[in-house]
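Participant: Letter by letter, the sequence shown follows residues 0 to 148 in numbering that gives the first Met the number 0.
Where a beta carbon is used, it is the ideal one built from N, C-alpha and C, also for glycine.
I have a structure here, written as structure tokens, and I will follow up with some questions on it.
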Amino acid sequence: MNKIQVDKLMQDEVRAIIPIVDENGKEEYIEVRNPDKKTKEEILNKIWVGMENPDLALSQEDILKMLVDKLTNIELNIEIEDLINGNISSELETVMYYIGQIENELTASLLMNTEIKLGQLKNDILQGRVLKETEEIEKINNIKDKVVN
């Protein structure tokens, strides 16, 4: 049995290539790319801004539109709501499946970042309390030293 090397199976840049046949019988390809570091940060920052300020929050449709625009070679010439609610081809359904996977990964990353930030905030609060208590103990010790002397 021939072994396939794992590095040949890694999805670095392109997540999926979906073939489609246009009205003239010409085969074309829809490409779904994985977000690179810059794109991922840009998307997460836009979502994070909305979490911090609900007035600036993106709707689910806005997020989906942004993902389709940035991660595929599809030109959205219809409203995103029509895409979500419409009768779509199996090829487009496959694209939306991959976009949904990427959205789930970004959500998990966002939740992880939120947990990290909450942990850092808790640590900062605890560190502040420890410093305050340490200062109070030092003051008490200084007063005791003065009384003893």
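So, using beta-carbon positions, are Glu26 and Pro18 closer together than 7 Å?
Facilitator: Along the sequence shown, one-based indexing puts residue 26 at 27. Along the sequence shown, one-based indexing puts residue 18 at 19. Closer than 7 Å, so yes.
Participant: Quick check: the Cα distance between Ile16 and Gly127, rounded to an integer number of angstroms?
Facilitator: Here residue 16 refers to the residue found at position 17 when the sequence shown is read from its first residue. Here residue 127 refers to the residue found at position 128 when the sequence shown is read from its first residue. Straight-line Cα distance between these residues: approximately 52 Å.
Participant: Counting along the chain, where does the alpha helix (DSSP H) carrying Val48 start and finish?
Facilitator: For the purposes of this step, residue 48 is identified with residue 49 of the sequence shown, where counting begins at 1. Element bounds for Val48: 36-51.
Participant: Give a yes or no on whether the C-beta atoms belonging to Glu60 and Ile87 are separated by under 7 Å.
Facilitator: Within the sequence shown, the letter at position 61 stands for residue 60. Within the sequence shown, the letter at position 88 stands for residue 87. Not a contact, by the Cβ cut-off of 7 Å.
Participant: When you compare each of Asp35, Val94, Leu55 to Ile178 by their alpha carbons, which one comes out closest?
Facilitator: Limits of the chain in this structure are 0 at one end and 148 at the other, which puts residue 178 out of reach.
Participant: Give the C-beta separation of Ser108 and Leu43 to the nearest angstrom, bearing in mind that I take them to be a contact with Cβ-Cβ under 8 Å.
Facilitator: Here residue 108 corresponds to residue number 109 of the sequence shown, with the count starting at 1. Here residue 43 corresponds to residue number 44 of the sequence shown, with the count starting at 1. Ser108 to Leu43, Cβ: 7 Å. Contact.
Participant: Excluding the five sequence neighbours on either side, which residues of its own chain have a C-beta within less than 8 Å of the C-beta of Leu75, listed in chain order?
Facilitator: Along the sequence shown, one-based indexing puts residue 75 at 76. Same-chain partners within the cutoff: Lys64, Val67, Asp68, Leu82.
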